[in-house]
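Everything below concerns the one structure shown next.
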Amino acid sequence: MDTLPRGLESPYQQQNQPTASELIDAVNSLRLAYGLPTLGINPILMQVSQSQADYLLETEGGSGHSRANGMSLTDQLLSMGYPLAGDLSLGGYRSENFDFGTNKSIQEAIQDWLGDDAHTNTMLSPNYFDIGGGVAIGKDGNVYFVIDTARHTSSGRQQDYTPEAGGTTVTGVTVNGTPGVDQFMVPVTLSTPNSGGLVIHDVKYGQTLWSIAIAYKTTIQEIRNLNDLPSNDIFSDQKLLIRREGTKTPDASVPPGLPAFHTPTVVPATLTYTQRTPTPAPLLPGANPSKDNLPLIAGSIFAAIFLAGIGFWANKRKY
7 MDTLPRGLES PYQQQNQPTA SELIDAVNSL RLAYGLPTLG INPILMQVSQ SQADYLLETE
67 GGSGHSRANG MSLTDQLLSM GYPLAGDLSL GGYRSENFDF GTNKSIQEAI QDWLGDDAHT
127 NTMLSPNYFD IGGGVAIGKD GNVYFVIDTA RHTSSGRQQD YTPEAGGTTV TGVTVNGTPG
187 VDQFMVPVTL STPNSGGLVI HDVKYGQTLW SIAIAYKTTI QEIRNLNDLP SNDIFSDQKL
247 LIRREGTKTP DASVPPGLPA FHTPTVVPAT LTYTQRTPTP APLLPGANPS KDNLPLIAGS
307 IFAAIFLAGI GFWANKRKY
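Going by the working numbering, the residue at position 1 of the sequence shown is 7; the numbering climbs one at a time, nothing skipped.
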């Protein structure tokens with residue numbers, strides 16, 4: 007469906023027309039609200055998104071994620087020189103959302119995309135670095151929105167990759183198959199060991215064996231061996247054994263009776279006080295008022311009185 011020449015637009019196109027930059031701003035504002043870094047605007051992704059929005063307008067939304075040239079989103083990005091990261095045979099780290107409706111606003115499109123995990127992931131995945139947006143408006147008032155998000159390689163250079171033909175099966179996975187099936191990837195939330203030391207991952211829709219292996223720092227083959235998987239195909243809600251982690255051995259230095267891994271607490275010694283009955287102070291310095299010392303005390307008193315009497319008698323005769 008063609009748009010009208012400039013100056014002859016319908017009233018729908020003349021008022022409050024949303025733009026690609028406003029669409030990107032809305033996505034980045036959402037990311038900031040969730041504590042995520044904003045996505046950088048990439049010129050290649052901008053071209054990809056706008057061309058897809060124009061194609062959706064032309065096909066009245068019937069094209070979905072299919073490209074006008076028959077390419078997959080991955081192949082289109084690579085052909086335009088985008089340094090896409092990830093396993094390219096499985097599509098790499100890229101995702102696309104589109105939405106359309108009569109007089110639809112940007113906030114309405116964002117709200118629609120928040121309705122399921124797949125489209126939410128396109129906007130909020132921490133795995134993506136770059137974004138592009140496109141908006142196309144028809145003379146009937148239908149507005150078509152497209153965003154593409156992706157992760158570039160750390161080197162900024164493209165990987166060596168020869169795309170397989172559409173529908174080709176590579177290690178059990180069909181690549182470049184039905185459009186939209188592999189348009190996104192869901193972030194992997196790491197599981198902790200259970201009581202038996204087993205790390206078991208609950209597969210979510212949109213996750214691949216490759217992304218799970220990367221997240222847990224293991225290999226695809228190791229996961230396949232642990233789970234007897236005949237191929238790389240996995241499905242939503244599948245339980246995958248990732249690894250077996252041994253339990254810790256209790257510390258032999260811990261005294262018997264204390265729980266394992268408990269560090270003994272050193273308790274300060276408590277002072278003990280014994281109540282004693284007060285005793286009178288000795289009558290003379292250095293004397294101990296015990297029964298054994300009573301004769302000594304009496305003798306000392308008598309001597310003191312005797313000396314005092316002599317002194318009194320001597321002074322009396324003097325005067």
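All C-beta atoms in this analysis are idealised placements derived from N, C-alpha and C, irrespective of residue type, glycine included.
Quick caveat: nothing in here was measured; it's all calculated off a predicted structure.
From the options, residue whose alpha carbon lies closest to that of residue i
| i | options | result |
| --- | --- | --- |
| I248 | S237, N200, L38 | N200 |
| H207 | T128, I143, T168, S242 | S242 |
| I116 | N34, A219, N233 | N34 |
| S78 | Q58, A91, E64, G92 | Q58 |
| S69 | G98, G87, N103 | N103 |
| D60 | K145, F135, S85 | K145 |
| H71 | Y134, N22, S101 | S101 |
Spatial neighbours of residue i in its chain, beta-carbon cut-off 6 Å, leaving aside the 5 residues before and after
| i | result |
| --- | --- |
| N148 | F106, T108 |
| K110 | V149 |
| G139 | A26, L29, I30, S55, I153 |
| L1 | No statement about residue 1 is possible, as the shown extent of the chain runs from 7 to 325 and does not include it. |
Collapsed DSSP secondary structure at residue i in the structure displayed
| i | result |
| --- | --- |
| V54 | helix |
| T255 | Legend: pLDDT at T255 = 44, less than 50; position of this residue unreliable, no value from coordinates given. |
| A74 | coil |
| V152 | strand |
| S101 | strand |
| L63 | helix |
| L235 | coil |
| I206 | strand |
| L90 | strand |
| L289 | Low confidence applies to L289: its pLDDT is 39, below 50, so where it sits in the model is not reliable, and the reading given next is rough at best. Coil at L289, not helix or strand. |
| I218 | helix |
| I240 | coil |
Short Cβ contact (8 Å threshold) for residue i with residue j
| i | j | result |
| --- | --- | --- |
| S217 | I153 | no |
| L42 | L96 | no |
| T128 | T155 | yes |
| N238 | I226 | yes |
| T159 | A91 | yes |
| A142 | L63 | yes |
Close Cβ partners of residue i (< 8 Å) along its chain, the five nearest in sequence each way excluded
| i | result |
| --- | --- |
| I112 | P24, E28, L29, A32, F151 |
| R37 | P43, T44, L45, M129, L130 |
| Q164 | L84, G87, Y88, P89, L90 |
| F135 | L45, G46, A156, R157, H158 |
Boundaries (first-last residue) of the alpha helix (DSSP H) holding residue i
| i | result |
| --- | --- |
| T128 | 123-130 |
| V33 | 26-39 |
| D81 | 79-85 |
| I112 | 112-119 |
Where the beta strand (DSSP E) containing residue i begins and where it ends
| i | result |
| --- | --- |
| I143 | 136-143 |
| L246 | 245-250 |
Own chain partners of residue i with C-beta closer than 7 Å, once the 5 adjacent residues on each side are dropped
| i | result |
| --- | --- |
| L204 | L247, R250 |
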